[in-house]
Structure formats: structure tokens, C-alpha cells
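According to this note's numbering, the sequence shown is numbered sequentially starting from -18.
Below is one structure, written out as C-alpha cells; the observations come after it.
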Amino acid sequence: MIYYMKICVQQRTSYFTKAGLSTLLNALNIFSAHYVSVAVDVRRVCKESCSKIAIELIQSVSIVFDPPVSQQKKQDWSFVKLFGSSLLSTCPVATTSKVFVDVSSNKSGIPFALNHKPHEIIKENFDNDSGYTEEREYGVYNLKKMFKDSKYVNIGATYENIHIYGIIPSPILYVDRKVAGYGQEQGGIHVTFHNNHRKKSLKILYYDMIPWYLRLYSHTLSIKSGRKLLTPGKESFVTIFSFLQEIF
């Protein structure tokens, strides 16, 4: 059973025009990262008090870098160090173009200094793993303002000390997914959800994309919590072709 397919650079670059933040998407840098996810989300949204329906397209790239591994425990980072290039422009059709940098660790972790002063600092509250509310701060850069004074932008940070690895607590929810067995009779997909919250259960909406070469049978679906058999609140199956026809 084939369960792994390499990422095609040509498929990735067709999603993005080379302007704004997409100019940082150099294949040599991003595919050397620890995690890369490219997504295109399409949905119908209300327009003019829902008298008209519009199509909303969201393109996103999630990348996880680990600078201490490649820089001998130094955490210093910048656009040039991470992506191999400065930011050369903003998106010409975007109303706003901003960069958010999490500066919360300046209070509790290893202090660092940003090479450019943020235009503003915003605060946001969220519930942490222990069930308590935690406040985070973000430095916000207005790129359209920055490009009025410079031809390129290279935002970065310099840390006072090297990084020391410690014990990292597990997230509230994490998922383990794997392809098991072989053939149409014994092959299948196993997904395990781990709930580490100490006080409450979690409501899960699980969405999965099945490769075209893997044939699944819905009557073989089973959900268990330990040895207890569970029934999902709702389950649905749709092909990508019917999904696109419904949208457009």
C-alpha cells in the first residue's frame, strides 16, 4: 500500500503569485524546515446582507523552523536566515499587509531584541493547558508603512543567551494518524486522539482527506474510547469533484 507522496514544487508554486509574503517561499529553505503545510480553502460567504453569495479564497502556508538546531543553540532569526531573502514587496491588491511577532516570552523566557520597533503592541487572552487564562502580546508591523522608507524589509530578533532545551508539556489535544496493514482486506487508516485536559472532555470535528488510491468502506468505521464503542454525532463523505461542483 502506497502511503507517502513527495511534494511537487511546481504544484506548490502554482497556488501563489510572486508578490507580497509569497516572495519568501523559496523551496530550498521551506522544504528544509521541520514542518510545512500548504492549504487553499474555498467557501461561500454572505455579501450585502446575504442578498448575494461570494466566493472566499484563503491561501495559507504553515512552516515550523528550529533555529537552535542549525545555529548551534542560537535562537536568532530573521527573514533572511529563515527564508534566504528579505521581503521585497507587499501584495498589490491587499488592503492591509501586516506581520505579527509573539513577544510574550520577553517576560518569562530568554529576552530578545527586535531589529525593528513594532508599530503597535496588541494583547490577547486564551485558555492554557491548565485551564487558566493566559495573556500573550504581539508586536505588529505595518508593512505598507515600512516600504515607504525602505526597498526591502528584514524583520528579525536577537537573543541574549543560547537556547537550553527543557521539558515541554504535551498539548491539550494531539492526533496520531497512520496507515496500517496491506491490501483491501487488511489495510486501513488508524487515527488516535489524545485528550490531556485535566478537567473536561473535548468536542472534536475531524476532517480527513483520503488519497485517491486508497479505497475505504464506510461500514468498517469504528470509534472507540478504551474498550467502549462510540457513535459519532455526524459523519459524511464527499468526493472532491462533487465538492467543487457545489461551490462553483
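Yeah, the Cβ is synthetic: ideal placement off N, Cα and C, and Gly gets one too.
Note that the structure is a prediction, hence the values are computed from the model and not measured.
Residue burial classification, residue 11 (beta-carbon count within 10 angstroms, cutoff 16)
buried
Other residues of its chain near residue 203: CB distance less than 8 Å, five sequence neighbours each side excluded
210
Which residue comes first and which comes last in the alpha helix (DSSP H) that contains residue 87?
86 to 89
Which first and last residues belong to the beta strand (DSSP E) in which residue 51 is found?
First-last for residue 51: 48 to 51, but that is the alpha helix (DSSP H), not the beta strand (DSSP E).
DSSP three-state assignment for residue 116, whether helix, strand or coil
strand
Classification of residue 45 by the beta-carbon crowding that lies within 10 angstroms, buried from 16 upward
Around the C-beta of residue 45, fewer than 16 other C-beta atoms lie within 10 Å, and the residue is accordingly described as exposed.
DSSP has residue 108 in a bridge; who is on the other side?
114
Who pairs with residue 215 in a beta bridge, going by DSSP?
DSSP lists no partner for residue 215.
Measuring alpha carbon to alpha carbon, tell me which of 179, 73, 92 and 163 ends up nearest residue 128.
73
Helix or strand or just coil, what does DSSP make of residue 23?
strand
Of the listed residues 183, 164, 80 and 182, nearest to residue 194 (C-alpha basis):
164
Who are residue 171's beta bridge partners in DSSP?
159
Do residue 35 and residue 26 count as a contact pair if the criterion is CB distance below 9 Å?
Result yes, Cβ atoms of residue 26 and residue 35 sit closer than 9 Å.
Which residue wins for smallest C-alpha separation from residue 187, given the options 88, 78 and 172?
172
Could you tell me the alpha carbon to alpha carbon distance between residue 87 and residue 166, rounded to whole angstroms?
54 Å
Beta-carbon proximity list for residue 235, same chain, < 6 Å, skipping 5 on both sides
It is not possible to answer for residue 235, since the shown part of the chain is limited to -18 through 229.
If you draw a straight line from the C-alpha of residue 17 to the C-alpha of residue 214, how long is it?
31 Å
Among 174, 143 and 144, the one whose alpha carbon lies nearest that of residue 154
With distances taken between Cα atoms, residue 154 lies closest to 174.
Backbone secondary structure at residue 3 - three-state DSSP
helix
How about the segment 75 to 83 and the segment 41 to 56: do they share at least three Cβ pairs that are nearer than 8 Å?
no
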